[in-house]
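S.K.:
Protein chains: 2
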Amino acid sequence: MLSKKTKYGLKALVYMARKEDRKPVLISEIAESENISKKFLEIILLQLKNSGFLGSKKGKGGGYYMLKEPGEITIAALIRILEGPIAPLPCVSLHFYEKCSDCKTEEDCSLNKVMIEVRDSMLNVLEKRTLADLSG
Amino acid sequence: MLSKKTKYGLKALVYMARKEDRKPVLISEIAESENISKKFLEIILLQLKNSGFLGSKKGKGGGYYMLKEPGEITIAALIRILEGPIAPLPCVSLHFYEKCSDCKTEEDCSLNKVMIEVRDSMLNVLEKRTLADLSG
DNA sequence: CAAAAGTCTAGTAAATCGATAGATTAATAG
DNA sequence: CTATTAATCTATCGATTTACTAGACTTTTG
Chain U
249 MLSKKTKYGL KALVYMARKE DRKPVLISEI AESENISKKF LEIILLQLKN SGFLGSKKGK
309 GGGYYMLKEP GEITIAALIR ILEGPIAPLP CVSLHFYEKC SDCKTEEDCS LNKVMIEVRD
369 SMLNVLEKRT LADLSG
Chain F
249 MLSKKTKYGL KALVYMARKE DRKPVLISEI AESENISKKF LEIILLQLKN SGFLGSKKGK
309 GGGYYMLKEP GEITIAALIR ILEGPIAPLP CVSLHFYEKC SDCKTEEDCS LNKVMIEVRD
369 SMLNVLEKRT LADLSG
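Here the protein sequences line up with chains U and F, keeping their order. Sequential numbering from 249 applies to the first sequence in our numbering. Sequential numbering from 249 applies to the second sequence in our numbering.
1) Closer than 8 Å by beta-carbon distance: list the chain F residues that pair up with residue 359(U), in chain order.
2) Which residue's Cα is closest to the Cα of residue 336(F): 300(F), 259(F), 302(F), 364(F)?
3) Tell me the residue span of the beta strand (DSSP E) that contains residue 305(U).
4) Run down chain F in chain order and give the residues with a C-beta less than 9 Å from the C-beta of residue 277(U).
5) Nearest to residue 371(F) by CA position, among 251(F), 299(F), 272(F), 327(F), is which residue?
6) Determine, using beta carbons only, whether residue 382(U) and residue 262(U) come nearer to each other than 7 Å.
7) Are the C-beta of residue 251(F) and some C-beta of chain U separated by less than 7 Å?
8) Kindly give me the distance between the Cβ atoms of residue 323(U) and residue 266(U), rounded to whole angstroms, as I take these residues to be in contact under 8 Å.
9) Check each candidate in 255(U), 357(U), 274(U), 297(U) and name the one with the smallest Cα separation from residue 316(U).
10) So residue 301(F) and residue 321(F) are in contact, right, with Cβ under 8 Å, and what is the actual spacing, rounded?
11) Report yes or no: do the stretch 343 to 351 of chain U and the stretch 285 to 295 of chain U share at least 3 C-beta pairs separated by less than 8 Å?
12) For residue 251(U), I'd like the list of residues in its chain whose CB is within less than 8 Å of its CB, leaving aside the five on either flank, ordered along the chain.
13) Taking the straight line between their C-alpha atoms, what separation do you get for residue 268(U) and residue 293(F)?
14) Kindly provide the ranges of any alpha helix (DSSP H) runs that are 4 or more residues long and lie completely inside the stretch 257 to 324 of chain U, ordered along the chain.
15) Using a beta-carbon distance below 7 Å, is residue 356(U) in contact with chain F?
16) Out of 357(U), 334(U), 273(U), which has the shortest C-alpha to C-alpha gap to residue 368(U)?
17) Quick one: grab the DSSP three-state call for residue 378(F).
18) Let me check understanding here. Comparing Cα to Cα, which of 360(U), 273(U), 314(U) lies closest to residue 380(U)?
19) Closest Cβ-Cβ distance between residue 318(F) and chain U: below 7 Å?
20) Within 7 Å (strictly less), CB to CB, does residue 369(U) reach chain F?
21) Could you compute how far the alpha carbon of residue 253(F) sits from the alpha carbon of residue 279(F)?
22) Which bits of chain U does residue 375(F) rub up against, with CB to CB less than 8 Å?
23) I think residue 311(F) touches residue 338(F), with their Cβ atoms under 8 Å apart; what is that distance to the nearest whole Å?
24) Taking the alpha-carbon positions, what's the residue 277(F) to residue 362(U) distance?
25) Would you report the Cα separation of residue 289(F) and residue 308(F), rounded to the nearest angstrom?
26) Any beta carbon from chain U within less than 7 Å of residue 273(F)'s own beta carbon?
27) Please confirm whether residue 365(F) has its beta-carbon closer than 7 Å to some beta-carbon of chain U.
28) With C-beta atoms as the reference, is residue 258(F) less than 7 Å away from residue 359(U)?
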């Protein structure tokens, strides 16, 4: 299950991607349109800015704007920023790998193989789909 | 990411499935072999019993035993019991459906379609794979 | 300078996670 | 019948995460 943070982040980006121009968008405008707590959305957009997906401009006429084309941003990349690992277990994660403390070896782990299958089937969708698919 | 509860539950069941006979297995035996806190495993096995996957016997010679054949138990069913919804969003869950409060309608939700794709790709693995696949 | 709008710091209520302690109940062996 | 074994139940707990809020601060524009 994705957290609300991730869900809100994705919806906010879709909202921005749907705009024709790339002028700064107000946090409050997105929050209102998408039914998201403004303060919570602040945190989320800031995180997306610090990760290089968004730029921001302060002061009058300011707001957040996209730094890349929607077609260049995969859902997988966004989920990794907002949610963390996509893989069902740390020991099968490509970007957040960690050894399981309770397993002697990876081959010995009874879950490893199937969880890799699960991971790959998810990535097959999430790495293929971009913001452009969501906003189209 | 699956919780440790789910992971431990799956590993415990694999351990039981791998035994030739279907005699009761001690919690402590599983806990020791799989490096799981015994007290935590108690809770997990009890839940699997209450969900109809395991039977138990008290007293000497007691323990937990499987009620079904490993090949009849899908990983999806176990995850639903131990973890909850498999779907990435409540609004695309088959077994735990809930309307999203922030969306007007489902068609209008920008995430709905892709998340259904994700769900189906996961289920494609999880509904196909059984305990027999893990223990084989 | 004043207003607008993002940024930062701090905090918080509630839920969840992973785990532990100890009393109780049921079954079996002798 | 009694002692032992092992599951069951009750309860609690610290740490972390989640979702969210308040308010001060900074930057930009007009």
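Beta carbons: idealized from backbone N, C-alpha and C, even for Gly.
M.R.: This is what the structure gives:
1) By one-based count along the first sequence, residue 359(U) stands at place 111. Correct list: 255, 258, 259, 262, 382.
2) In the second sequence, the residue the question calls residue 336(F) occupies position 88. The option with the nearest alpha carbon to residue 336(F) is 364(F).
3) Along the first sequence, read from residue 1 onward, the residue named residue 305(U) stands at position 57. 302 to 305 is the span of the beta strand (DSSP E), which, as asked, contains residue 305(U).
4) Counting from 1 along the first sequence, the entry for residue 277(U) is found at position 29. In chain order: nothing, as chain F lies at least about 15 Å away.
5) Taking the second sequence and counting its residues from 1, one reaches residue 371(F) at position 123. Residue 371(F) has its Cα closest to that of 327(F), out of 251(F), 299(F), 272(F), 327(F).
6) As a working mapping, residue 382(U) is identified with position 134 in the first sequence. As a working mapping, residue 262(U) is identified with position 14 in the first sequence. At a Cβ-Cβ threshold of 7 Å, residue 382(U) and residue 262(U) count as neighbours.
7) Numbered from its first residue, the second sequence carries residue 251(F) at position 3. With 7 Å as the cut-off, residue 251(F) does not count as an interface residue toward chain U.
8) Here residue 323(U) is taken as the residue at index 75 of the first sequence, counted from 1. Here residue 266(U) is taken as the residue at index 18 of the first sequence, counted from 1. Incorrect: roughly 16 Å between the Cβ atoms, too far for contact.
9) Along the first sequence, read from residue 1 onward, the residue named residue 316(U) stands at position 68. Checking every option, the nearest Cα to that of residue 316(U) belongs to 297(U).
10) Position 53 of the second sequence, counted from the start, is the residue given in the question as residue 301(F). Position 73 of the second sequence, counted from the start, is the residue given in the question as residue 321(F). The C-beta distance from residue 301(F) to residue 321(F) rounds to 7 Å, short enough to meet the 8 Å contact threshold.
11) no
12) As a position in the first sequence, residue 251(U) is number 3, starting the count at 1. Hits under 8 Å: 330, 331.
13) On the first sequence, residue 268(U) is found 20 positions in, with the first residue counted as 1. On the second sequence, residue 293(F) is found 45 positions in, with the first residue counted as 1. Distance between the alpha carbons of residue 268(U) and residue 293(F) is about 55 Å.
14) 275 to 282, 286 to 298
15) As a working note, residue 356(U) is residue 108 in the first sequence. Judged by the 7 Å Cβ criterion, residue 356(U) is not in contact with chain F.
16) Here residue 368(U) is taken as the residue at index 120 of the first sequence, counted from 1. Out of 357(U), 334(U), 273(U), 334(U) has the C-alpha closest to the C-alpha of residue 368(U).
17) The residue labelled residue 378(F) in the question sits at position 130 within the second sequence. Note: residue 378(F) maps to strand in three-state DSSP.
18) As a working mapping, residue 380(U) is identified with position 132 in the first sequence. Residue 380(U) has its Cα closest to that of 314(U), out of 360(U), 273(U), 314(U).
19) Position 70 of the second sequence, counted from the start, is the residue given in the question as residue 318(F). Not one chain U Cβ lies under 7 Å of residue 318(F).
20) In the first sequence, residue 369(U) corresponds to position 121, counting from 1. With 7 Å as the cut-off, residue 369(U) counts as an interface residue toward chain F.
21) On the second sequence, residue 253(F) is found 5 positions in, with the first residue counted as 1. On the second sequence, residue 279(F) is found 31 positions in, with the first residue counted as 1. Spanning the alpha carbons of residue 253(F) and residue 279(F) requires a straight line of approximately 13 Å.
22) Within the second sequence, numbered from 1, the residue matching residue 375(F) stands at position 127. None at all; the shortest Cβ gap to chain U is about 11 Å.
23) Along the second sequence, read from residue 1 onward, the residue named residue 311(F) stands at position 63. Along the second sequence, read from residue 1 onward, the residue named residue 338(F) stands at position 90. Contact flag wrong, Cβ pair sits at about 37 Å.
24) The residue labelled residue 277(F) in the question sits at position 29 within the second sequence. The residue labelled residue 362(U) in the question sits at position 114 within the first sequence. Rounded to whole angstroms, residue 277(F) and residue 362(U) show a C-alpha spacing of 25 Å.
25) Taking the first residue of the second sequence as position 1, residue 289(F) is located at position 41. Taking the first residue of the second sequence as position 1, residue 308(F) is located at position 60. Cα-Cα distance, rounded: 19 Å.
26) One-based indexing of the second sequence puts residue 273(F) at position 25. So, not an interface residue.
27) To locate residue 365(F), count along the second sequence from 1; it is residue 117. Yes, residue 365(F) counts as interfacial toward chain U.
28) In the second sequence, counting from the first residue as 1, residue 258(F) sits at position 10. In the first sequence, counting from the first residue as 1, residue 359(U) sits at position 111. Cβ atoms of residue 258(F) and residue 359(U): closer than 7 Å.
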